[in-house]
DNA sequence: TCTTTTAAGTCAATTGTCTTGACTTATTTG
DNA sequence: CAAATAAGTCAAGACAATTGACTTAAAAGA
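Chains as they are written, first to last, in my numbering: chain U, 1 to 407; chain V, 1001 to 1407.
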């Protein structure tokens, strides 16, 4: 009698879940607003003064917040503002790219403390993982040398690599990294480091970074278009990263566009036209070139005819993708970021003007329809490191629910 | 000293929030899985047997669940399954369309008990609201005649109308209903009925209906393309409807597409080609024709050359939009539903084959990439009615948080 | 200067919900 | 007929937020 029917249900919650949520709410409020007094926190979170006092006391004991000098601001007892302690938590971020791997260590407020990278020789994941574990170990010990207590306060290891994930075969596709995807990477990293590990695609990581320390800070609805070796979008919806059913939401680099009617109804994927890979091809830069970023920067500063051509094509496709994303998501803003030089990002945005008409063109906008975000090779690694911080400290539905592994 | 700085923060929660969540979790589990015993509920929700017992007892007192005959299924004491009581709650749904308004009453499980419609004469919202309030009143008393206790168990009034909302001017645009949007409709309806009122656009409502009783039942990631007089998409992300910053997420009817290179780089909005409005133009049916649905059904059953032409154009644009939505959202499935006859929906889906390649084409799919959903003129009104039920009984983050109006 | 008003923050008791562990009930298995 | 198994109850306990009175510290007004 195989009556072990799968019953689907949302988890319930309990006192512990509520309490954990309230702690997160406090940290989040301090992150968003800067230092706040207990009374202010109570008003903002709709909790009672007493509750806030208890939680703040606990957070202070845990080294996550600290008091500032009290400030007089009118009648009544002066308030004692509390602020986040940057040294309250640390996280590691790992970016695995096609030819290079990068590791970053950040603290609770997203300040970068360590960054190291290594070239990834061809040879697939078996060899690669060993190199990567060494890199992580090296970053970790550098961090511990600088801040002995950091090890104890590490909340996790975020991993970012190019998507899409879990697709069928296609091992030779240079745009993906299929061999890495069928490898038990997360398990290897988890056992190798003893840390909690979570995976995002690189665009999602870039969005996570934008939300922690970049242009999306404090925004609940933002789309980050990430221009790297490939192209993707990180979706921040309702204040959280949206990943879709299989973690592939936002893989707009693979989107086709209807082209000339008749003969060739659909043109190549967006990232064949708008990505550093396509630019490298034009500039005849090897994708494995360690000085790729600098070369592109120089090329963008003084664009020759070919670069202008690329820029025109890329910005035209992006211009239209921006229109679509605005229409589909109704976001507060769209951010163009990347592992690309700021010059290039800025020029692309320039070339996209005027933006296509859309609902986003309303007159009452608070934010620009499109704006530049983080633009450097470390953006994805930073986002990878931001993920464990967000997972540990941001208020989110899943954090309230009882998990499989004890409350 | 204007020190009334706005402090942004997520609300905290308390015992009451946790308890409310757990009640919702129970109702949701019974809705998804059918009748379940207390022990099964405890396992599924990770709550203790005792907690489940208490909550079930309370829900039974409130008339939301009831026990079935106990069933023996192996060793041990027989289980007593509990099921939702359809008569446990009721909700009203109002659809305001361009030329007609519809009201539906549903019960807790989404069964339709009353449906009434009325033609909306031109004359704008002032006159319209009076007619609509009469319609609601009429439906309400029909409901009360059939089920005297329904009035006491009404959880709200859902309203659906064509978007987009809150756009600048453009009063003459026949595709929108601008004059209705600058009118304090919700306030009028709330005071006129004494019920909680909430607004969605029609595509969002259709998606809400699909989730309560249609093809999206139990799905957490689904996109509903709604083909009505206009065209839009309802986005179900993480099990909840996503509305974007201004409630306009999913307004894909307004999306442009890159067309022939050169002269006309961008073609008309999607809904100018794929909507009942465009079909009506071709068939020379007045959009206000009360027998519009039947006429379209007949036209779709025996398509003439013009209809075939329309079908070809519409399905081609939709085919490509499906590709985009799959790429952007990575959903479990896409549902094509509408206030359109099922024949038409089916034919459109047929014409869209073969679907464009995308990440969704993986071999391990559990659900079809695209499938038909509700296809009748009452779909939106049903979705409007489904919204208050979902708001009152579905587990969601916002339901846990302390609200502005007391816990 | 002195009193009143206002606001921040604490104290101690209370409340409400989930949890714990032992117990009862009812059925199948051997 | 005893042992095993599972559903469900009982009563006490744990825990976090709440409540209302209180203390502290400043500004405002007389």
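For glycine and all other residues, C-beta sits at the position ideal for the given N, C-alpha and C. Predicted model only: the values in this text are computed from it and were never measured.
With contacts defined as CB atoms closer than 8 Å, residue 1206 of chain V and residue 1226 of chain V qualify as a contacting pair. Per DSSP, reduced to three states, the secondary structure at residue 1216 of chain V is coil, with no helix or strand assignment. Chain-order list of chain V residues neighbouring residue 164 of chain U: 1330, 1359, by C-beta distance under 9 Å. A Cβ-Cβ distance of about 30 Å is found for the pair residue 163 of chain U and residue 402 of chain U, leaving them out of contact under the 8 Å criterion. Its Cα nearest to that of residue 19 of chain U, the residue V/1012 stands out among V/1012, V/1022, V/1021. For residue 363 of chain U and residue 1284 of chain V, the gap between their C-alpha atoms comes out near 37 Å. An exposed status is given to residue 1121 of chain V, since fewer than 16 other beta-carbon atoms sit within 10 Å of its beta-carbon.
Think of a sphere of 7 Å around the beta carbon of residue 1251 of chain V: the chain U residues whose beta carbon falls inside it are 327, 359, in chain order.
Beta-bridge pairing by DSSP links residue 1267 of chain V to V/1257. Residue 1049 of chain V is outside the set of residues whose beta carbon lies under 8 Å from a beta carbon in chain U. Fewer than three beta-carbon pairs drawn from the region 1219-1234 of chain V and the region 1351-1362 of chain V are found closer than 8 Å, and the two stretches are therefore not classed as touching.
Our two residues, residue 1331 of chain V and residue 241 of chain U, have alpha carbons roughly 15 Å apart in a direct line. In the three-state scheme derived from DSSP, where H, G and I count as helix and E and B as strand, residue 167 of chain U is classed as coil. Secondary structure at residue 147 of chain U: coil, using DSSP grouped into helix, strand and coil.
The Cβ of residue 1013 of chain V sits closer than 8 Å to at least one Cβ of chain U.
Within chain V, 1029, 1032, 1033, 1044, 1218 have C-beta atoms less than 8 Å from the C-beta of residue 8 of chain U, given in sequence order.
Here residue 108 of chain U carries a coil assignment [DSSP, helix/strand/coil]. Between the alpha carbons of residue 7 of chain U and residue 377 of chain U lies a distance of about 45 Å. Taking 8 Å as the cut-off, the beta carbon of residue 1106 of chain V is found closer than this to the beta carbon of residue 1090 of chain V. With respect to the 8 Å criterion, residue 252 of chain U and residue 161 of chain U are not classified as neighbours on the basis of their beta carbons. Going by DSSP, residue 5 of chain U is part of no beta strand (DSSP E) at all; its letter is neither H nor E.
Ranking U/389, U/148, U/134 by CA distance to the CA of residue 193 of chain U puts U/134 first. Excluding residues up to 5 positions away in sequence, 114 lie with their Cβ nearer than 6 Å to the Cβ of residue 142 of chain U in the same chain. Between the C-alpha atoms of residue 1209 of chain V and residue 1155 of chain V there is a straight-line separation of about 16 Å. For residue 1138 of chain V, the secondary structure class from DSSP, reduced to helix, strand or coil, is helix.
Beta-bridge partners of residue 20 of chain U (DSSP): none assigned. For residue 1025 of chain V against residue 385 of chain U, the beta-carbon gap comes to about 34 Å, at or over 8 Å, which does not count as contact.
Going by C-alpha positions, residue 1079 of chain V is about 42 Å away from residue 239 of chain U. Taking a C-beta cut-off of 7 Å against chain U, the contacting residues of the region 1380-1404 of chain V are 1395, 1397, 1400, 1402, listed in chain order.
Residues of the same chain with a CB within less than 7 Å of the CB of residue 42 of chain U, apart from the 5 flanking positions on each side, are 48, 49, 52 in chain order. The beta carbon of residue 359 of chain U lies closer than 7 Å to those of 326, 327, 330 in the same chain, with the five residues before and after it left out.
Of the residues U/145, U/116, U/218, the one whose Cα lies closest to the Cα of residue 132 of chain U is U/116.
Closest in C-alpha terms to residue 1375 of chain V, from the list V/1395, V/1337, V/1381, V/1392, comes V/1337. Residue pairing by DSSP places residue 1372 of chain V opposite V/1336 in a beta bridge.
Taking 3 residues as the shortest admissible run, the region 66-96 of chain U contains the following complete beta strand (DSSP E) segments, listed from N- to C-terminal end: 81-84, 90-96. In summary, residue 365 of chain U is exposed, with fewer than 16 beta-carbon neighbours lying within 10 Å of its beta-carbon over all protein chains present.
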